[in-house]
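Enquirer: Please read through the structure below; I'll follow up with questions.
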Amino acid sequence: MGIFDSILGRTRPPQADLDVLFAVPQAVLSMGTEGFSATGAGSVCFRDVEGGADDTVMADAEKLIATNAATTIDRSTDRFGFHWLTVTRTDQDVSGLVTDLHAVNSSLVDAGFGSALLCSTIGFAASDAQPLALVYLYKRGSFYPFAPLPGDKRDNALELRVRGIVAQDVPIEPDLTKWLAIWGAPGLP
70 MGIFDSILGR
80 TRPPQADLDV
90 LFAVPQAVLS
100 MGTEGFSATG
110 AGSVCFRDVE
120 GGADDTVMAD
130 AEKLIATNAA
140 TTIDRSTDRF
150 GFHWLTVTRT
160 DQDVSGLVTD
170 LHAVNSSLVD
180 AGFGSALLCS
190 TIGFAASDAQ
200 PLALVYLYKR
210 GSFYPFAPLP
220 GDKRDNALEL
230 RVRGIVAQDV
240 PIEPDLTKWL
250 AIWGAPGLP
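The end of the sequence shown is residue 258 by the working numbering, with every number in the run present.
So this is what it looks like as structure tokens:
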């Protein structure tokens with residue numbers, strides 16, 4: 070940030086630390102001891118950029134990921150117009166899944182579309198099969214749990230419980246108002 074930015078009160082958003090995604094496998098182990106299991110699915114959410122340049126980047130990232138036979142890739146758009154690239158690993162390899170999501174994120178950042186990144190999700194299921202996601206917010210550099218219920222409701226008690234389980238493994242978003250609902254995210258009701 071330059072001197073004029075400081076004088077005029079302008080700030081730049083922090084750069085996303087994509088490497089923090091590699092801490093997720095440890096969080097998966099912690100959650101496993103509490104009865105949660107990883108689904109093998111994860112997603113990257115981003116805003117569409119005008120023109121087709123981001124489509125080319127996404128196609129290249131898909132080709133890179135698709136070299137693994139245990140991986141399926143799906144692109145979708147939610148009801149709010151955000152784009153999702155979902156990676157599912159049938160072998161339940163969380164380390165591989167995180168590497169795949171990191172590749173997608175890095176491809177977008179390297180192509181200059183880092184500001185279009187919104188979040189990444191790693192899917193889980195509770196012992197009663199309730200869906201749950203660990204969400205990484207790029208602009209905040211932190212994670213939070215999201216436990217949707219039918220009817221666009223949330224299981225806040227479960228989210229707070231998961232926060233306590235993974236707090237030593239990944240950086241948790243301290244501001245609960247930033248724990249955004251991601252209704253319509255792939256793999257979640």
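Built from N, CA and C at the ideal position, the CB exists for glycine as well.
Answer yes if the stretch 124 to 132 comes into contact with the stretch 171 to 190, meaning at least three C-beta pairs across the two stretches below 8 Å, and no otherwise.
Expert: yes
Enquirer: Please say whether Arg-158 and Thr-136 have beta carbons closer to each other than 8 Å?
Expert: Residue mapping note: residue 136 aligns to position 67 of the sequence shown, counting from 1. Residue mapping note: residue 158 aligns to position 89 of the sequence shown, counting from 1. Not a contact, by the Cβ cut-off of 8 Å.
Enquirer: Identify the continuous alpha helix (DSSP H) that holds Asp-169 and give its terminal residues.
Expert: The residue given as residue 169 occupies position 100 in the sequence shown. 163 to 179 is the extent of the alpha helix (DSSP H) around Asp-169.
Enquirer: How many whole angstroms separate the CB atoms of Gly-109 and Leu-166, which I take to be in contact at a CB cut-off of 8 Å?
Expert: As a position in the sequence shown, residue 109 is number 40, starting the count at 1. As a position in the sequence shown, residue 166 is number 97, starting the count at 1. At roughly 7 Å, the Cβ-Cβ gap stays under 8 Å, so Gly-109 and Leu-166 are in contact.
Enquirer: So Ala-226 is in the alpha helix (DSSP H); what residue range does that whole segment cover?
Expert: Against the sequence shown, residue 226 aligns to sequence position 157. Element bounds for Ala-226: 225 to 235.
Enquirer: Find out if the Cβ-Cβ distance for the pair Asp-212, Val-239 is shorter than 8 Å.
Expert: By one-based count along the sequence shown, residue 212 stands at place 143. By one-based count along the sequence shown, residue 239 stands at place 170. One detail in the question is off: residue 212 reads as Phe in this sequence, not Asp. Yes, Cβ-Cβ distance for Phe-212 and Val-239 is below 8 Å.
Enquirer: With distances taken from CA atoms, which of Pro-94, Ala-107, Ala-92 and Ser-112 is nearest Ala-195?
Expert: The count along the sequence shown starts at 1 and reaches residue 195 at position 126. Measuring from the Cα of Ala-195, the nearest candidate turns out to be Ala-107.
Enquirer: Is it right to say Leu-244 is buried, meaning 16 or more other beta carbons lie within 10 angstroms of its own, or is it exposed?
Expert: Indexing the sequence shown from 1 puts residue 244 at position 175. In the sequence under discussion, the amino acid at residue 244 is Asp, which differs from the Leu named in the question. Exposed, because fewer than 16 other Cβ atoms sit within 10 Å of the Cβ of Asp-244.
Enquirer: Beta-carbon within less than 7 Å of Asn-174's beta-carbon, same chain only, minus the 5 sequence neighbours each way: which residues are those?
Expert: In the sequence shown, residue 174 corresponds to position 105, counting from 1. Closer than 7 Å at the Cβ level, and outside the excluded window around Asn-174, lie Leu-87, Val-113, Leu-186 and Ser-189.
Enquirer: For Gly-233, count neighbouring Cβ atoms within 10 angstroms of its own Cβ and tell me buried if that reaches 16, exposed if not.
Expert: If you number the sequence shown from 1, residue 233 lands on position 164. Burial call: exposed.
Enquirer: Checking 8 Å against the spacing of the C-beta atoms, do Pro-94 and Ser-164 come in under that value?
Expert: As a working mapping, residue 94 is identified with position 25 in the sequence shown. As a working mapping, residue 164 is identified with position 95 in the sequence shown. A contact, by the Cβ cut-off of 8 Å.
Enquirer: Check the C-beta distance from Val-235 over to Met-100 and give it rounded, since I have them as a contact under 8 Å.
Expert: In the sequence shown, counting from the first residue as 1, residue 235 sits at position 166. In the sequence shown, counting from the first residue as 1, residue 100 sits at position 31. The Cβ separation is near 7 Å, so the contact holds.
Enquirer: Could you compute how far the alpha carbon of Thr-246 sits from the alpha carbon of Arg-230?
Expert: Locating residue 246 in the sequence shown gives position 177, where the first residue counts as 1. Locating residue 230 in the sequence shown gives position 161, where the first residue counts as 1. Rounded to whole angstroms, Thr-246 to Arg-230 spans 17 Å at the Cα level.
Enquirer: Classify Thr-155 as buried or exposed, calling it buried when 16 or more other Cβ atoms lie within 10 Å of its own Cβ.
Expert: Looking up residue 155 in the sequence shown gives position 86. In the assembly as shown, Thr-155 is a buried residue. Its beta-carbon has 16 or more other beta-carbons within 10 Å.
Enquirer: Buried or exposed for Ser-176, going by 16 or more other Cβ atoms inside 10 Å?
Expert: In the sequence shown, counting from the first residue as 1, residue 176 sits at position 107. Counting other Cβ atoms within 10 Å of its Cβ, Ser-176 reaches 16 or more and is therefore classed as buried.
Enquirer: Run through DSSP, which three-state label would Val-126 get?
Expert: Position 57 of the sequence shown holds residue 126. In the structure shown, Val-126 sits in a helix (DSSP, three-state: H, G or I).
Enquirer: Grouping DSSP H, G and I as helix and E and B as strand, with all else coil, what is Leu-87?
Expert: For the purposes of this step, residue 87 is identified with residue 18 of the sequence shown, where counting begins at 1. Helix.
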